[in-house]
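One structure below.
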Amino acid sequence: MTALRVLMCDDEPAVGAFVRRITEGLGYEMHFTDQAENFAPLYRACRPDVVILDLVMPGTDGIELLRFLARERSSARILLMSGFDPKMREAAVLLGEAHSLRMVGIVAKPVRAADLRERLAALGGGEEV
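Note that our numbering has the sequence shown beginning at 24, numbered continuously upward.
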């Protein structure tokens, strides 16, 4: 069985390294960029099964990346990660769902390893959480 591919975009490399340790520990193949402008070419190159997006980044935001994923007709499961206001996070999930994206939830920052591990382990089994 091939490893599920994860693509993460977050402007904080330390967060990416933290998530990499967890995803690779669960058997995922991890791809990461801290530059939103690199997201589209990386997405097209790796065709991820799971996308993890930060909602607030310099120069763009997770909403623009959700719109890109909708234009691509992405079938990836999408997990948002943000320290942003809870109502804004929920609005982003609703926007993704309105664009027929497979939104699987939100992980609040600061991220707790146990919460992320549990959510990603469930996704590895194909379950939406």
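Here a beta-carbon is modelled for each residue, glycine too, at the ideal position from N, C-alpha and C.
Item, Value
"According to DSSP, is residue 84 helix, strand or coil?", "strand"
"Do the segment 80-100 and the segment 36-50 make contact, defined as three or more Cβ pairs closer than 8 Å?", "no"
"Where do the ends of the beta strand (DSSP E) carrying residue 131 lie?", "125-131"
"Assuming residue 42 and residue 75 make a contact with CB atoms under 8 Å, what is their CB distance in whole Å?", "7 Å"
"To which residues does DSSP link residue 32 through a beta bridge?", "56, 76"
"On the criterion of 16 or more Cβ atoms from any shown chain inside 10 Å, does residue 105 qualify as buried, or is it exposed?", "buried"
"Smallest Cα separation from residue 109: which of 52, 130, 98?", "130"
"Taking the alpha-carbon of residue 98 as reference, which of 68, 73, 57 has the nearest alpha-carbon?", "73"
"Would you mind reading off the limits of the alpha helix (DSSP H) that contains residue 100?", "Segment 100-105 is the beta strand (DSSP E) holding residue 100; no alpha helix (DSSP H) there."
"Between the Cα of residue 60 and the Cα atoms of 71, 87, 139, 25, which residue gives the shortest distance?", "87"
"Is the distance from the Cβ of residue 139 to the Cβ of residue 107 below 8 Å?", "no"
"Where residue 82 and residue 35 are concerned, what is the direct C-alpha to C-alpha distance, given to the nearest angstrom?", "14 Å"
"Is the distance from the Cβ of residue 16 to the Cβ of residue 52 below 8 Å?", "With the chain covering only 24 through 152, there is no way to say anything about residue 16."
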